[in-house]
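For the sequence shown, our numbering begins at 2 and goes up steadily by one.
By construction, the Cβ of each residue, glycine as well, lies at the ideal position given by its N, Cα and C atoms.
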Amino acid sequence: MNKEKILIFLEFVELRTKIASVFPMMIGFLWTYYHYQQFNWLNSILFAISVIFFDMCTTAINNTVDYHKAIDMNYKHEENVIGRNNLSFKTMIMIVFALLAVATVFAISLIFLTDFLLLILGGICFFLGITYTFGPTPISRSPFGEIMSGGTMGFGIFFLAVYMTMYEKLLTSVHTMGNINISFAWFEAMKIFMMSIPLICLIANIMLANNTRDLETDIINERKTLVFYIGKKNAVILYQILSLLPWIAWLLYIVSGILPVWSIISFGLIPKHYGSVMRFKEKQTRETFPEAIKSFTLFASMYVIVLLLASIIG
């Protein structure tokens, strides 16, 4: 495979956007080590491989479906990666199945290393991931795209990253005399959810920014996203609210003692984050869309550094 084909493949799976799945994993792993003082290297590595390949798969499905369903010929042949590079539609479908196969193999291996309940959790995640971009009415083409992307990636990946090590203390099954008893530590699950709120908000914002930018094209291609229903003005207001909530949650983590007091220094990054939000508020274009990714990366990087340092120095 030559360099040009590699670059096209990376564009097809949009590797640059995988930070939205990698960061929740990293933070989940670090939170496990910081909060529970435990970590399972093997399970975590296998999980990371499965998540990254499945994320690439869902993105590949999205680009393939968008190409297939495109009504705007300019978008189909000039903007979509398949049409712009004159790629084989059948080959792209084969790549989708190959990526899905790799993700599935690693996911199944984890079932044998943890608990069979992971089959149910993983099945739900795979189902949501595929229906997000595929089917008669993909979730990404509906008003629920932001909620689904933020919830599944911001919370779902975070939770499963913790589960890879702490499955016996989070969600387990016991088989006795033909009965199955399920133990669910709901309080710990709620704590994990609370810690994932910044990720949920900022990942949802990436989808919101993308849909705000593409509103006109989406209307032509009959994609009725959340922005279609609430309008650009309200979408930008929602974007600002979702950008603020992570900092409120961060303050609560520090005040409640979940994170060390010295974490307060991270508020020094607010001006940088605010500037990014304001640039997107001023105009919503292809040039300003990366501001949503920058905002997420800034906060998530801060999250990683704080947990890493807290794990080392307490």
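- By the Cβ criterion, the region 27-42 is not in contact with the region 140-153, since fewer than three pairs of Cβ atoms, one from each stretch, lie closer than 8 angstroms.
- Between the alpha carbons of ASN3 and GLY232 lies a distance of about 44 angstroms.
- Shortest Cα-Cα distance from ALA293 to any of TYR240, PHE127, LEU270, VAL307 involves TYR240.
- In this model, GLY276 and GLY179 are separated by some 60 angstroms (Cα to Cα).
- For LEU310, the closest of PRO272, TYR164, SER267 by C-alpha to C-alpha distance is SER267.
- Less than 8 angstroms separates the beta-carbon of GLY84 from that of LYS77.
- Within its own chain, the residues whose Cβ lies closer than 8 angstroms to the Cβ of LEU43, once the five positions on either side in sequence are excluded, are LEU114, listed in chain order.
- Here PRO25 is buried. Its C-beta has 16 or more other C-beta atoms within 10 Å.
- Burial is judged here by how many other beta carbons sit within 10 angstroms of a residue's own beta carbon; PHE188 has fewer than 16 and is exposed.
- Between ILE131 and the set ILE62, ARG214, PRO247, the nearest pair of CA atoms involves ILE62.
- Here the alpha carbon of MET191 sits roughly 40 angstroms from the alpha carbon of VAL82.
- For HIS176, the uninterrupted beta strand (DSSP E) run begins and ends at 172-177, by DSSP.
- With 16 or more other Cβ atoms from the protein chains shown falling within 10 Å of its own Cβ, ALA162 counts as buried.
- Inclusion of TYR35 and LEU308 in the CB contact set at 8 angstroms is warranted, their separation being smaller than that value.
- A check of alpha carbon separations from LEU227 across SER244, LEU111, ASN206, LEU245 identifies ASN206 as the nearest.
- Straight across, the Cα-Cα distance linking ASN75 with ALA99 is about 29 angstroms.
- Comparing C-alpha distances from GLY123 to each of SER51, ARG142, ILE238, ILE259 shows the shortest one belongs to SER51.
- A straight line joining the alpha-carbon of THR18 with that of TYR133 spans about 16 angstroms.
- Within the same chain, Cβ atoms closer than 8 angstroms to the Cβ of ILE158 are found at SER22, PRO25, MET26, GLY29, VAL52, the five residues on either side in sequence being excluded.
- DSSP places PHE185 inside the beta strand (DSSP E), whose first and last residues are 180-185.
- Judged by DSSP secondary structure, ARG17 falls outside any alpha helix (DSSP H); it is assigned neither H nor E.
- Going by C-alpha positions, LYS273 is about 18 angstroms away from LYS284.
- Buried is the label assigned to LEU203, since at least 16 other Cβ atoms lie within 10 Å of its Cβ.
- For PHE194 and THR65, the gap between their C-alpha atoms comes out near 32 angstroms.
- For PHE13, the closest of GLN39, MET57, GLN38, PRO137 by C-alpha to C-alpha distance is MET57.
- Inclusion of SER174 and PHE135 in the CB contact set at 8 angstroms is not warranted, their separation being larger than that value.
- A buried status is given to ILE96, since no fewer than 16 other beta-carbon atoms sit within 10 Å of its beta-carbon.
- Annotation note: the region 81-155 contains the following uninterrupted alpha helix (DSSP H) runs of length 4 or greater, listed N- to C-terminal: 82-85, 90-114, 118-134, 146-150.
- Nearest to GLY269 by alpha-carbon distance, out of ILE181, LYS70, LEU299, is LEU299.
- With a minimum length of 4 residues, there is no unbroken run of alpha helix (DSSP H) contained wholly in the region 246-272.
- Taking C-beta atoms as the reference points, GLN39 and THR213 fail to come closer than 8 angstroms.
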